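Just so it is clear: in the sequence shown, position 309 is 347 by this note's numbering, and no numbers are missing.
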Amino acid sequence: MNSKRWLQRHQVAVYVAFVLLAVGVGVYLPDSAPLSESLIDPVLAALLYVTFLEIPFVRLRRAFRNGRFVAAALGMNFLVVPVVAWGLTRFLPQRPVILVGALMVLLTPCIDYVITFTELADGDAEQITATTPALMLVQLLLLPLYLWLFMGSTVAAVIEPGPFVEAFLVLIALPLTLAWLTEAWAERSSRGDTWQETMGWLPVPMMGATLFVVIASQLPRVQSSIEQIAVVIPVYVAFLVVMPILGRLAAGVLQMDAGEGRALVFTSVTRNSLVVLPLALALPAGYRLAPAVVVTQTLVELVGMVTLTRVVPAWLVPDSPKRISLPELVTRE
């Protein structure tokens, strides 16, 4: 137990170590990128499995009935984010290959590791989990529409539902089902209880492993195009700054408690880059730079998420015995 608490207290140092190792592998062993890329989905599914085990299913069932949070998450991701994304991309070179990659990733909310980052920030992770089916379905329907509005019908026509459905089944439905079976096993068997207790050690190491495989696999792709895609980095950083503040304001308007407020912040800022990447890779030859634009967002976001797991609970949405109120938020800021 002491070692488990040590990992939780020093999680940022653990993540930095994994990131530095991944950078070393990506720079000095670029040929290993395909192997690392093949491990992304299994490692991410394992991460979500151990994260789901931290969520009692009684609380998860209750979260599915919280229509206010689902409506807030949908409003932030599909009304507020498109306006912010459109505004920020006005500062980019108006080249279709750059714009399509940036818009594809900024317009799609994360359905996978956002749950883990919310949990690490002591947010309402079960509420995020309950919202993922709606986020997945709505982004599948609206991404072609927003791309058509912002870029025209040619780009919108290439969006396929396959990667979204596959990601939901492999990264959400399967780990969630296994976690539920594990909890049921733990209630009936001492072996199951021991297994669940052992899994409780793994969220931090598995988050580190996820950072490693994502960065090590994608860094060579970004390096080869860095001179052309560096222009998107300030836009991604600005998104990481603007959306947490807007999420915090929305939580204040809705008078959410700290856990819900943190969850709303993380779902507002975290993007679906790992699911969007196959879509970018499937674009026509003229858009061959788009995957690197998407991957760049992944790398920027991972650094930002590690930072936000500390900033959000410590400053942006601190613990409070009462709900967040808008007057208190305005006065404090």
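Just so it is clear, CB atoms sit at the ideal spot from N, CA and C, and this is done for glycine as well. Just so it is clear, the structure is predicted and the values come from calculations on it, not from any experiment.
Sheet register partners of residue i (DSSP bridge)
{"i": "P147", "result": "R309"}
Cβ pair residue i, residue j closer than 8 angstroms
{"i": "V332", "j": "V143", "result": "yes"}
{"i": "A374", "j": "V81", "result": "Limits of the chain in this structure are 39 at one end and 371 at the other, which puts residue 374 out of reach."}
{"i": "V252", "j": "T170", "result": "no"}
{"i": "T154", "j": "L85", "result": "yes"}
{"i": "F107", "j": "E221", "result": "no"}
{"i": "D150", "j": "I210", "result": "yes"}
{"i": "T127", "j": "L181", "result": "no"}
{"i": "A328", "j": "V135", "result": "yes"}
{"i": "L315", "j": "V196", "result": "no"}
{"i": "A172", "j": "V313", "result": "no"}
{"i": "M174", "j": "F202", "result": "yes"}
{"i": "F250", "j": "L59", "result": "yes"}
{"i": "T308", "j": "V152", "result": "yes"}
{"i": "S306", "j": "V119", "result": "yes"}
{"i": "I267", "j": "T334", "result": "yes"}
{"i": "A101", "j": "Q177", "result": "no"}
{"i": "V260", "j": "G285", "result": "no"}
{"i": "A110", "j": "L257", "result": "no"}
{"i": "V57", "j": "Y325", "result": "no"}
{"i": "V350", "j": "R300", "result": "yes"}
{"i": "V208", "j": "D69", "result": "no"}
Burial state of residue i (16 or more Cβ within 10 Å)
{"i": "T192", "result": "exposed"}
{"i": "P272", "result": "exposed"}
{"i": "Y66", "result": "exposed"}
{"i": "G290", "result": "buried"}
{"i": "V121", "result": "exposed"}
{"i": "E225", "result": "exposed"}
{"i": "Q132", "result": "exposed"}
{"i": "L340", "result": "buried"}
{"i": "T347", "result": "buried"}
{"i": "V279", "result": "exposed"}
{"i": "G105", "result": "exposed"}
Cβ-based neighbour list, residue i, same chain, cut-off 8 angstroms, excluding 5 preceding and 5 following
{"i": "P359", "result": "Because the pLDDT at P359 is just 47, under 50, the model does not fix this residue reliably, and the value given afterwards should be weighed accordingly. Taken in chain order, the list of residues that qualify is empty."}
{"i": "E92", "result": "E157, A163, G238 and P241"}
{"i": "G113", "result": "A288"}
{"i": "A55", "result": "G246"}
{"i": "P243", "result": "L45 and V52"}
{"i": "V275", "result": "V338 and G342"}
Sequence-distant residues of the same chain with beta carbon closer than 6 angstroms to residue i, five excluded per side
{"i": "A217", "result": "Y87, F90 and L91"}
{"i": "W223", "result": "G230"}
Sequence-distant residues of the same chain with beta carbon closer than 7 angstroms to residue i, five excluded per side
{"i": "P213", "result": "A83, L86, Y87 and F90"}
{"i": "S263", "result": "L327 and A330"}
{"i": "A123", "result": "L141, L144 and L145"}
{"i": "R47", "result": "none"}
{"i": "N374", "result": "Outside the shown range of the chain (39 to 371) lies residue 374, about which nothing can therefore be said."}
{"i": "K42", "result": "G238 and W239"}
{"i": "Q49", "result": "L158 and V242"}
What alpha helix (DSSP H) runs, 4 residues minimum, are completely inside the segment 43-67? 49-66
In chain order, which continuous runs of the alpha helix (DSSP H) of length 4 or greater are located wholly inside the segment 99-164? 105-113, 119-127, 134-144 and 152-158
Pick out the complete alpha helix (DSSP H) segments inside the segment 220-302, 4 residues or longer, and give them in chain order. 228-237, 241-261, 264-267 and 271-291
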